[in-house]
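In order, the protein sequences belong to chains A and B.
Numbered by the numbering used here, the letters in the first sequence go through residues 25 to 390 in order.
Numbered by the numbering used here, the letters in the second sequence go through residues 42 to 383 in order.
This report refers to the structure that appears directly beneath it.
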Amino acid sequence: MRASEDMAGGAGPQPEGPLVRVRDLVKHFPLTRGIVFQRKIGAVRAVDGVSFDIERGETLGIVGETGCGKSTTARLIMRLLDATAGGIDFEGQDITGAKGARLKAIRREVQMIFQDPYSSLNPRKTIGSIIAEPFAIHGLLREKGERGREVQRLMETVGLNAEHYNRYPHEFSGGQRQRIGVARALALSPKLLIADEPVSALDVSIQAQVLNLLRDLQRRLGLTVVFIAHDLSVVRHMCDRVAVMYLGKIVEIGPSDALYDFPRHPYTGALLAAVPVADPSKHGSERRLLSGDVPSPASPPSGCRFHTRCPKAQELCSTREPLLEEKSSPVVEGSLGGDGQAGTRVACHFPLSREELAQMGVRSGG
Amino acid sequence: MVFPSEDGVVRAVDGITYEVHGGRTLGIVGESGSGKTVSSLTTLGLTRREGARISGRIVFEGKDLLTLGEEELRAVRGNDIAMIFQDPLSSLHPLYRVGRQLVETVRAHGDVSKQQARQRAIELLGLVGIPDPARRVDSFPHEFSGGMRQRAMIAMALANEPKLLIADEPTTALDVTVQAQILALMERLQRELGMAIVMITHDLGVVAEMADEIAVMYAGRIVERASAARIFAAPEHPYTWGLLKSIPRLDGPREAELVPIPGTPPSLISPPSGCHFHPRCPYSQPEHERVDPALEPLAGEPGHQVACLLQADVRARLWRRLAAGGTPAQALAEVGQQGERA
Numbered sequence: 025m026r027a028s029e030d031m032a033g034g035a036g037p038q039p040e041g042p043l044v045r046v047r048d049l050v051k052h053f054p055l056t057r058g059i060v061f062q063r064k065i066g067a068v069r070a071v072d073g074v075s076f077d078i079e080r081g082e083t084l085g086i087v088g089e090t091g092c093g094k095s096t097t098a099r100l101i102m103r104l105l106d107a108t109a110g111g112i113d114f115e116g117q118d119i120t121g122a123k124g125a126r127l128k129a130i131r132r133e134v135q136m137i138f139q140d141p142y143s144s145l146n147p148r149k150t151i152g153s154i155i156a157e158p159f160a161i162h163g164l165l166r167e168k169g170e171r172g173r174e175v176q177r178l179m180e181t182v183g184l185n186a187e188h189y190n191r192y193p194h195e196f197s198g199g200q201r202q203r204i205g206v207a208r209a210l211a212l213s214p215k216l217l218i219a220d221e222p223v224s225a226l227d228v229s230i231q232a233q234v235l236n237l238l239r240d241l242q243r244r245l246g247l248t249v250v251f252i253a254h255d256l257s258v259v260r261h262m263c264d265r266v267a268v269m270y271l272g273k274i275v276e277i278g279p280s281d282a283l284y285d286f287p288r289h290p291y292t293g294a295l296l297a298a299v300p301v302a303d304p305s306k307h308g309s310e311r312r313l314l315s316g317d318v319p320s321p322a323s324p325p326s327g328c329r330f331h332t333r334c335p336k337a338q339e340l341c342s343t344r345e346p347l348l349e350e351k352s353s354p355v356v357e358g359s360l361g362g363d364g365q366a367g368t369r370v371a372c373h374f375p376l377s378r379e380e381l382a383q384m385g386v387r388s389g390g
Numbered sequence: 042m043v044f045p046s047e048d049g050v051v052r053a054v055d056g057i058t059y060e061v062h063g064g065r066t067l068g069i070v071g072e073s074g075s076g077k078t079v080s081s082l083t084t085l086g087l088t089r090r091e092g093a094r095i096s097g098r099i100v101f102e103g104k105d106l107l108t109l110g111e112e113e114l115r116a117v118r119g120n121d122i123a124m125i126f127q128d129p130l131s132s133l134h135p136l137y138r139v140g141r142q143l144v145e146t147v148r149a150h151g152d153v154s155k156q157q158a159r160q161r162a163i164e165l166l167g168l169v170g171i172p173d174p175a176r177r178v179d180s181f182p183h184e185f186s187g188g189m190r191q192r193a194m195i196a197m198a199l200a201n202e203p204k205l206l207i208a209d210e211p212t213t214a215l216d217v218t219v220q221a222q223i224l225a226l227m228e229r230l231q232r233e234l235g236m237a238i239v240m241i242t243h244d245l246g247v248v249a250e251m252a253d254e255i256a257v258m259y260a261g262r263i264v265e266r267a268s269a270a271r272i273f274a275a276p277e278h279p280y281t282w283g284l285l286k287s288i289p290r291l292d293g294p295r296e297a298e299l300v301p302i303p304g305t306p307p308s309l310i311s312p313p314s315g316c317h318f319h320p321r322c323p324y325s326q327p328e329h330e331r332v333d334p335a336l337e338p339l340a341g342e343p344g345h346q347v348a349c350l351l352q353a354d355v356r357a358r359l360w361r362r363l364a365a366g367g368t369p370a371q372a373l374a375e376v377g378q379q380g381e382r383a
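So, in structure tokens, the structure goes:
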């Protein structure tokens with residue numbers, strides 16, 4: 025069956041179109057004063073108008089610094105937070121205002137892996153019952169033997185010893201706990217997995233174990249993954265496409281290879297230049313560092329939000345907000361991207377050229 | 042350095058030796074529980090407590106710090122030797138203004154008036170790049186961003202122009218752009234003040250940027266020590282190989298597979314026998330369970346020391362294969378083919 029136009033909806037799965045479409049999503053947290061009578065005196069504009077698609081089977085990375093809105097975006101897609109404005113479509117259906125049974129049905133399809141494997145597992149429950157909890161919540165596999173078998177299968181899938189289902193979280197190391205979190209997230213065979221900083225609490229040797237597991241599962245099960253992290257090397261390793269956020273906005277989005285090879289937004293360039301590279305022989309060039317701190321999301325700068333820290337900022341940047349769009353470059357690389365996508369889309373009036381990028385001291389690219 | 046705990050005696054640091062010279066940076070790399078923090082806390086006398094057994098010598102400018110009394114040690118600590126901790130929020134007192142905490146540090150070691158100390162505090166905040174220091178000196182820690190708090194911590198550590206600065210994961214809690222600023226600041230101040238830095242971190246990128254010399258710690262011991270250039274170009278210990286192969290690199294091919302180190306770091310209450318790394322080492326031999334390797338210099342490379350029982354030529358061949366993108370199994374197979382040896 026060929027889906028005629030976008031609003032096909034109706035019964036039956038619809039294998040075409042993106043899995044998730046995020047449209048002008050906004051989330052403001054009110055700032056209040058007063059204890060009894062709370063007056064609203066402003067708002068933290070955590071997410072302030074972001075739009076992107078999540079394609080089926082891809083891993084989309086979201087990077088940015090503390091407070092850029094990446095985790096809030098994830099929580100909005102999970103429907104753990106209600107959006108202030110804008111919409112989220114899941115498989116072509118608007119889920120922005122879903123409630124009750126419909127919301128519960130969506131939660132089956134979207135699962136999350138959390139950052140801290142210590143606080144995200146109930147210390148008083150056995151691993152078996154933690155992993156089986158999604159079945160209990162959704163009333164699945166009602167016969168007891170069934171759940172046990174499924175739990176053991178999941179534990180083997182994520183590389184845990186299935187005989188340990190009767191143990192408690194404290195008997196496991198950080199990396200093993202993160203595997204437990206992954207097993208729980210996979211229990212209901214979700215269509216979308218959101219991983220929010222899944223390895224940043226782990227030691228480097230363990231981090232590689234969990235990253236390999238996630239990449240292997242993603243390939244084997246054809247999962248669609250949103251991977252949120254502040255570590256740009258990890259995101260590059262894991263993701264097909266990457267979105268860079270700054271102060272509640274996406275400043276650049278595109279295929280990983282294009283984005284890391286030729287970042288166009290000065291903020292992306294600055295982020296990449298700041299990453300320390302584990303090779304002392306590559307430390308010849310002086311890096312250009314960003315100065316100052318990220319402005320408060322309660323009163324973001326006018327125009328382009330990055331203009332207060334941007335080395336290329338001009339008059340126009342403080343007055344007119346740039347749109348997220350594809351920018352041609354004087355030196356076009358012929359063969360980037362597969363599906364007609366040349367490079368990245370960037371929200372900048374004066375995107376970087378190759379020469380400027382080289383001057384920033386970016387050491388990426390293979 | 043031995044700690045008693047509820048579960049038994051913890052051998053947190055087990056016979057480590059290193060030295061740092063003025064104007065140089067030593068990076069100490071290792072995972073959680075490898076003893077890298079305890080070794081530096083001990084240097085400052087911060088692990089002296091009921092039941093902790095410390096042996097060895099910590100020589101600072103010819104004096105053995107372990108033999109000093111609490112009073113004498115206090116004169117050294119914060120004056121000649123200063124420390125920066127990982128979490129700047131828990132290291133600053135939340136109820137006192139930043140300036141007051143700086144003034145306290147300045148006056149603890151020098152006989153200066155309050156007015157002079159305040160002037161010095163403003164100067165220090167300016168030195169570490171806090172904008173508008175004369176106003177910011179009266180801020181509370183919560184009014185600072187994470188990067189500014191870490192700058193304030195560095196200002197406090199530098200208050201008395203220490204000769205040795207111990208930085209324990211100083212940038213781990215910070216965003217990359219702020220991390221880059223803080224590292225650049227530490228390098229600048231080192232050039233200006235000529236101090237020695239001991240940089241403790243789990244981040245190989247950070248030590249590659251900062252360190253002249255690197256010590257790799259595993260289970261309370263130094264397993265490899267060499268110049269930064271050699272650690273990254275010609276590492277000798279299988280644990281160091283494991284660390285290098287398990288991080289995704291921004292400057293390598295995107296599809297390169299990560300090779301994790303199997304298993305988990307050992308307990309320091311009952312560390313493995315023989316070579317502490319043998320249970321996780323893909324190349325270990327049966328006798329490595331019994332023999333405990335000493336940290337010894339390489340033939341012809343006195344500055345490069347390694348504690349490994351594998352033969353030097355075997356190690357060289359293994360690393361050549363790994364560096365070319367091979368897995369530990371492939372490297373092992375290749376070395377095995379080139380002649381079995383007893």
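Ideal Cβ positions, reconstructed from N, Cα and C, are used throughout, including at glycine.
Span of the alpha helix (DSSP H) around residue i
{"i": "P156(B)", "result": "As written in the sequence, residue 156(B) is Gln, which differs from the Pro given in the question. Where Q156(B) is concerned, the enclosing alpha helix (DSSP H) stretches over K155 to L168."}
{"i": "I195(B)", "result": "G187 to L199"}
{"i": "R176(B)", "result": "P174 to R177"}
{"i": "T11(A)", "result": "Examination of residue 11(A) is not possible in this model, given that chain A is present from 25 through 390 alone."}
{"i": "T292(A)", "result": "P290 to A298"}
{"i": "A176(A)", "result": "In the sequence under discussion, the amino acid at residue 176(A) is Gln, which differs from the Ala named in the question. Q176(A) -> alpha helix (DSSP H) spans K168 to T181."}
Helix, strand or coil at residue i [DSSP, three-state]
{"i": "S268(B)", "result": "strand"}
{"i": "E380(A)", "result": "helix"}
{"i": "G73(A)", "result": "strand"}
{"i": "D105(B)", "result": "strand"}
{"i": "V112(B)", "result": "In the sequence as presented, Val is not what sits at residue 112(B); that position holds Glu. Reduced to three states, the DSSP call for E112(B) is helix."}
{"i": "Q231(A)", "result": "helix"}
{"i": "L82(B)", "result": "helix"}
{"i": "E337(B)", "result": "strand"}
{"i": "P279(A)", "result": "strand"}
{"i": "A87(B)", "result": "First, the amino acid is wrong: residue 87(B) is Leu here, not Ala. The answer is coil: DSSP assigns L87(B) none of H, G, I, E or B."}
{"i": "R262(B)", "result": "strand"}
{"i": "G151(B)", "result": "coil"}
{"i": "V247(B)", "result": "helix"}
{"i": "R159(A)", "result": "As written in the sequence, residue 159(A) is Phe, which differs from the Arg given in the question. Helix."}
{"i": "F251(A)", "result": "strand"}
{"i": "A125(A)", "result": "helix"}
Beta carbon proximity, residue i to chain A, threshold 7 angstroms
{"i": "P307(B)", "result": "no"}
{"i": "F273(B)", "result": "yes"}
{"i": "Q228(B)", "result": "Per the sequence shown, residue 228(B) should be read as Glu rather than Gln. No, no contact with chain A."}
{"i": "L284(B)", "result": "yes"}
{"i": "G367(B)", "result": "no"}
{"i": "A370(B)", "result": "no"}
Residue i - containing beta strand (DSSP E), residue span
{"i": "E342(B)", "result": "E342 to V347"}
{"i": "A371(A)", "result": "R369 to A371"}
{"i": "R57(A)", "result": "V44 to R57"}
{"i": "R265(A)", "result": "R265 to Y270"}
{"i": "F114(A)", "result": "A109 to F114"}
{"i": "T35(B)", "result": "For residue 35(B) there is no data in the structure shown, the boundaries of chain B being 42 and 383."}
Neighbour flag for residue i against chain B, beta carbons, 7 angstroms
{"i": "E380(A)", "result": "no"}
{"i": "D303(A)", "result": "yes"}
{"i": "Q383(A)", "result": "no"}
{"i": "L184(A)", "result": "no"}
Residue burial classification, residue i (beta-carbon count within 10 angstroms, cutoff 16)
{"i": "D220(A)", "result": "buried"}
{"i": "S257(A)", "result": "buried"}
{"i": "P294(B)", "result": "exposed"}
{"i": "S229(A)", "result": "buried"}
{"i": "S305(A)", "result": "exposed"}
{"i": "V356(A)", "result": "Confidence is the limiting factor: at V356(A) the pLDDT is only 44, short of 50, which leaves the residue's position unreliable and the question unanswerable from this model."}
Residue i Cβ short of 6 angstroms to the ligand FAD heavy atom set
{"i": "P141(A)", "result": "In the structure shown, the ligand FAD is absent, as is every other ligand, since no ligand is present at all."}
Quick one: which residues of the segment 232–265 of chain B get their C-beta closer than 9 angstroms to a C-beta of chain A? List them in chain order.
From the segment 232–265 of chain B, only H243, D244, L245, G246, V247, V248, A249, E250, M251 and A252 have a Cβ closer than 9 angstroms to chain A.
Beta carbons nearer than 8 angstroms to chain A: which residues of the segment 184–217 of chain B have them?
Listed by position along the chain: S186, G187, G188, M189, D216 and V217.
Residues of the segment 152–179 of chain A with a CB closer than 9 angstroms to any CB of chain B: list them in chain order, please.
Listed in sequence order: no entries.
Output, in sequence order along the chain, the residues in the segment 90–106 of chain A whose CB is closer than 8 angstroms to any CB in chain B.
Flagged, chain order: T90.
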